[in-house]
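Numbering (my numbering), first residue to last: 692 to 950. Where a beta carbon is used, it is the ideal one built from N, C-alpha and C, also for glycine. In what follows, a structure is listed as structure tokens, so that the remarks can point back to it.
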Amino acid sequence: MTSSLAKPLRVLILGGTTDANQLAAAMAGDPRFDAVLSYAGRTENPKRPPIAWRVGGFGGIEGLIGYLRTEKIARVVDATHPFAAQMSAHAIAACAAAAVPLLALERAGWQRQPGDHWTEVDDFAAAAEALGVAPRRVFLGIGRTQLAPFAGHPQHFYLVRLVDPPRGPLPLEAEVIIGRGPYDLAGDRAVLTQHRIDIMVTRDAGGDSASAKIDAARELGLPVIMVRRPFIPAREKVESVAEVLRWLGHDKTPAERGV
Ligand code: NAP
């Protein structure tokens, strides 16, 4: 049992995902935790979390080691996107060096279902190649920083969905729609049909909040080029907020305990 005099646990959450926001919401107002959510600073107006937060890179592995020590962080939860491989690798190295326990909160990848027309590839350059020579109408369900390889395949029409309006020119000719998830099946079906999309490129983000486009493609019988997750060295990981709370030594939120 936690004494009311016990010092709250200093937790760093590496964020930028819905999962990280859900974890922050579960820890908010809980006196057992003193948590800070870290954003890379890629989106212009990140969702304001209900706990302390900071924005920007740490300055590589050394910078993160320094941050962990200065801020007296006792636990790190890596809840970054499965494609944020560099941040995750830095967290593994820095936590090992600073002897701070690390846990990854990583949603499971999407599963191919019978009838799905998926082509799985290792990276975005291979995805661009896999579109083929003949012009297609392509929905790019990927990040702004992952668009460049498609510029070398200008015969296709590209529809890109971004969180923020682009400030400068994109690396490729594309129609842009702005939106921030979570999306729903009806909305994503409408996007695909209105733009007469005949193929989708996406990354295996996994999770429910981004799966509407996959479900819509499935329903419409569209082929999907699926970029596999990048390699991240082995680390302890779980798939749910509840498991993170258990790892932190507390399996119930204050609301669940009736506090
Ligand atoms: P990345 O390539 O793994 O990281 C590049 C650098 O950005 C890191 O070395 C680190 O800089 C900084 N960084 C990344 N995440 C950070 C965080 N949560 N807090 C502080 N610094 C962070 O990452 P990325 O793919 O550019 O993704 C950046 C952010 O967007 C992540 O927070 C991720 O969760 C989110 N996101 C990414 C994707 C995607 O497809 N990659 C999709 C949705 C959301 P220093 O080396 O200076 O510490």
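Asked	Found
In the DSSP assignment, what residue or residues form a beta bridge with R766?	V702
Using the Cα positions of R827 and M778, report the straight-line distance between them to the nearest angstrom.	34 Å
With contact counted as at least three CB pairs below 8 Å, one residue from each stretch, are the segment 806-826 and the segment 877-889 in contact?	no
V824 by DSSP, collapsed to three states: which one?	coil
Can you tell me the Cα-Cα spacing of I888 and E934, whole angstroms?	39 Å
With respect to 6 Å, is the separation between the Cβ of S729 and the closest non-hydrogen atom of the ligand NAP below this value?	yes
Apart from the five residues just before and just after A788, which ones in its own chain have a Cβ nearer than 6 Å to its Cβ?	I756
How should R739 be labelled, buried or exposed, when 16 other C-beta atoms within 10 angstroms of its C-beta is the threshold for buried?	exposed
Buried or exposed for D710, going by 16 or more other Cβ atoms inside 10 Å?	buried
Should R937 go down as buried or exposed, given a rule of 16 or more other Cβ atoms within 10 Å for buried?	exposed
Is the CB-CB distance between H847 and V829 below 7 Å?	yes
Are M917 and E797 touching if we call contact CB-CB under 7 Å?	no
Buried or exposed: where does T771 fall if 16 or more other Cβ atoms within 10 Å of its Cβ makes it buried?	buried
Please work out which residues of its chain come closer than 8 Å, Cβ to Cβ, to G732, disregarding the five sequence neighbours upstream and downstream, and give them in chain order.	V746, G747 and G748
For V932, which three-state DSSP category applies?	helix
Nearest-angstrom Cα distance between I764 and R701?	5 Å
In the structure shown, what three-state DSSP assignment does E927 receive?	coil
Return the CA-CA distance between I662 and A780, expressed in angstroms with no decimal places.	It is not possible to answer for residue 662, since the shown part of the chain is limited to 692 through 950.
Please return the same chain residues whose Cβ sits closer than 7 Å to the Cβ of A751, not counting the five positions on each side in sequence.	Note on residue identity: the sequence assigns Gly, not Ala, to residue 751. The residues are H781.
Who are the near neighbours of E930 in its chain, counting only those whose CB is closer than 7 Å to its CB and skipping five residues on each side?	E797, R798 and A799
Could you round the C-beta distance between P741 and A775 to whole angstroms and report it? I think they count as a contact, below 8 Å.	With a Cβ gap of about 22 Å, P741 and A775 do not count as contacting.
Taking just the CA atoms, how far does G843 sit from L703?	40 Å
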